[in-house]
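Letter by letter, the sequence shown follows residues -20 to -1, 1 to 433 in mature numbering (1 follows the signal peptide of the UniProt record, and there is no 0).
Shown next, in structure tokens, is the structure this report addresses.
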Amino acid sequence: MSRVLFLATAAMLSSTPAHATDLVDAWRAAALHDPDHQSAEAERDAGQEAAVQARALKRPSVQVQAGYQYNMTETNAQLPEDLTPVFTGQRSSGRASVAVQAVQPIYDAAKGAQSTQLREKAAIADVQFEGEQQALILRVADAYFSVLSGEDKLTSYTRQVEAAEQQRKGAQARFDAGRARITDVREAEAQRDAAEAQRIGAEAELAYARAAFSELTGLGAEGLERPAADFVAPVPTGSLQDIQERAETRAPAVRAAEHSARAAGAEIDRYGLSGRPVIEGVAGYQGQFRMGGDGGNGIVPDRIQTASAGVRLTVPLYAGGGIQSKEREAQANATKALRDLDAARRDARLQAQQAWQAASTGARRVAALNTALRSADLQQSAAATGRDVGIRTQNDVLNAQSQSFATDRDRAQAVYDYILARLKLAASTGDLGFEELDEADRLMTSIRPETRP
């Protein structure tokens, strides 16, 4: 997506009602704020100039040369008196010259191969920037969910500290009434202190996550849109084989490697064809003009003009073996480029498999943790009831409480991991863009497409 489009969408957002920052908002902001992305955009713009250079190879080249020369001559000859005025004295003259030459390539096989190289270079720049755009989405999503995860941990450990303190007070009251042991109080204190230590760590983790998000997007990290409490993770559609086959042809890294391999093949052609004749159309004009002075003697005309047009044939004969060496070097580089392409396809298959499995298992894991969270809450209630009737200990209650908080954190993290895995799955096939990110937002918040600003 171009920078102009990013600016336009940012302006559109500024005129819409305020709403919690979601993934799309964060991505748009990062595209305008992140220096790494802007650097990649400038690199893309530079690479696209190769296409202009490729077209220039087939166009005529025109050059102009101009000059001016001033001459002064002094003659002192020992001649008869009647001849002295003719052959002695000072004479000066000025002469200007101008030359224009135009050359139009007619047949140059090596330049044709060079033109192919340059076009492939421009294509590589486009594909690499496309990959950077997808990488930006993943970086934004990772930073976004790191903030949410940090908030979840801080909230969870804070609640755990409060709950443990409540249990401690209850245990202390029961101990004072002679209905509990001092160990119940000490166990609650230990649970509270452990949760407090984790809360302090979560505080630092959240501060860093918020700073990283703000550095990336330029936005505040408070009040980010969160997944719904009843979030349901749909299982990704499509078989693993279909995803891998698509990744082998559509992944940006694979497409860039394909263009690199074609450019390397053109390099072989460039040197292999450099020994062929080159035919050019040549047209020129030359003019010389006397510019003042007293040097005119009627012998040299005041103006000389020449115009020419024709065809020039150049046949390379011998370059010391350098061309053949360059061709062998190009062949080796082409072999390397093909092996790099094989490696890119292999990596694309593996990345697609990893993302597909993460999304597929992530959906099942979210469902399992939803069930586990309900069970943990029931277990906590049962442990508290059992303690009150004397069949459970205070430690049982604390453990059940800790398990409930941990399951809640795991469930939230599983949701974030699942959404991120879906985005990575789309990126593995080169399909990650606005639509996939917007779908992730709708999946989290259940906002219908027509209600989205």
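Cβ atoms here follow ideal geometry from the backbone N, Cα and C, with glycine treated the same way.
Do you know whose CA, among the options, lies nearest residue i's CA?
i	options	result
glutamate 131	Glu416, Tyr251, Asp411 and Ala392	Ala392
glutamine 337	Ser194, Thr135, Gly218 and Ala187	Gly218
arginine 35	Gly47, Ala46, Ser95 and Met52	Ser95
leucine 358	Gln383, Ile371 and Ala335	Gln383
proline 257	Gln285, Leu297 and Pro232	Leu297
alanine 102	Val295, Gly413, Glu238 and Val369	Glu238
alanine 19	Phe109, Ala93 and Gly366	Correcting the residue identity first, residue 19 is serine in this sequence and not alanine. The option with the nearest alpha carbon to serine 19 is Phe109.
alanine 347	Tyr398, Ala236, Asp2 and Leu37	Tyr398
alanine 105	Asp2, Ser240 and Ser73	Ser240
isoleucine 86	Asp320, Thr425, Ala420 and Val291	Val291
proline 40	Gly252, Val80, Leu349 and Tyr50	Val80
leucine 199	Glu112, Arg422, Leu412 and Asp5	Asp5
lysine 306	Gln45, Ser77 and Gly255	Gly255
tyrosine 50	Gly111, Arg75 and Gln28	Arg75
glutamate 21	Gly111, Ser355, Glu416 and Gly366	Gly111
threonine 341	Gln43, Arg326 and Leu405	Leu405
glutamine 334	Asp320, Ala401 and Ile303	Ala401
leucine 220	Leu330, Glu54 and Asp88	Leu330
arginine 139	Ala394, Arg422, Gln381 and Leu3	Gln381
threonine 286	Leu186, Phe269 and Gly366	Phe269
Return yes when the Cβ of residue j is within less than 8 Å of the Cβ of residue i, no when it is not.
i	j	result
leucine 116	aspartate 14	yes
alanine 314	glutamate 247	yes
valine 120	arginine 179	no
leucine 260	glutamine 84	Note that residue 260 is glutamate in the sequence shown here, rather than leucine. For glutamate 260 and glutamine 84, yes; Cβs fall inside 8 Å.
alanine 339	glutamine 114	no
alanine 328	valine 234	yes
methionine 424	alanine 189	no
phenylalanine 193	tyrosine 124	yes
alanine 420	leucine 253	no
serine 126	phenylalanine 385	no
alanine 201	alanine 317	no
alanine 46	serine 77	yes
glycine 267	serine 288	no
Is residue i helix, strand or coil when you go by DSSP?
i	result
serine 240	helix
valine 258	strand
tyrosine 124	helix
methionine -20	Because methionine -20 sits at a pLDDT of 40, beneath the cut-off of 50, its placement in the model cannot be relied upon, and the point is left open.
glutamate 202	coil
proline 232	helix
proline -4	With a pLDDT of only 40 at proline -4, under 50, the local geometry of the prediction cannot be trusted, and no value is derived from it.
glycine 301	coil
isoleucine 86	strand
threonine 197	helix
threonine 373	coil
glycine 278	In this predicted model, glycine 278 has a pLDDT of only 48, less than 50, meaning its place in the structure is not dependable; the value taken from the coordinates is given anyway. Residue state, collapsed to three classes: coil.
alanine 208	coil
glycine 410	coil
lysine 38	coil
alanine 348	helix
arginine 159	coil
aspartate 5	helix
serine 340	helix
threonine 431	With a pLDDT of only 34 at threonine 431, under the threshold of 50, the placement of this residue in the model should not be trusted; the figure read from the coordinates follows. The answer is helix: DSSP assigns threonine 431 an H, G or I state.
serine 219	coil
Note down, in chain order, each residue of its chain lying with its Cβ closer than 7 Å to the Cβ of residue i, except the 5 sequence neighbours on either side.
i	result
proline 214	Ala343
leucine 353	Thr387, Asp388 and Arg391
alanine -1	Gly203, Leu204 and Glu205
leucine 128	Leu204, Arg206 and Tyr396
alanine 168	Ala144, Gln147, Arg148, Ala151, Gln374 and Leu378
isoleucine 162	Phe155
Name the DSSP bridge partner or partners of residue i?
i	result
leucine 293	Ile259
proline 214	Beta-bridge pairing links proline 214 to no other residue.
arginine 270	Arg75
isoleucine 284	Gln268
methionine 52	Ser72
glutamine 43	Gln81
Only counting the same chain, and skipping five residues up and downstream in sequence, which positions put a Cβ closer than 6 Å to that of residue i?
i	result
glutamine 311	Ile248
alanine 30	Leu98, Lys101 and Ala102
alanine 9	Thr197, Gly198 and Leu199
threonine 294	Val258
alanine 364	Val377
alanine 236	Ile104, Val107 and Gln108
tyrosine 251	Ile303, Lys306, Glu307 and Ala310
glutamate 416	Ala406
Below 8 Å CB to CB, which residues in the same chain sit around residue i once its five sequence neighbours on both sides are set aside?
i	result
glutamate 183	Leu134
threonine 409	Ile223, Arg226, Ala227, Arg230, Ala231 and Ala332
leucine 403	Ile117, Leu118, Ala121, Leu412, Glu416, Leu417 and Ala420
leucine 349	Thr387, Asp390, Arg391 and Ala394
proline 216	Trp336, Ala339, Ser340, Ala343, Arg402 and Leu405
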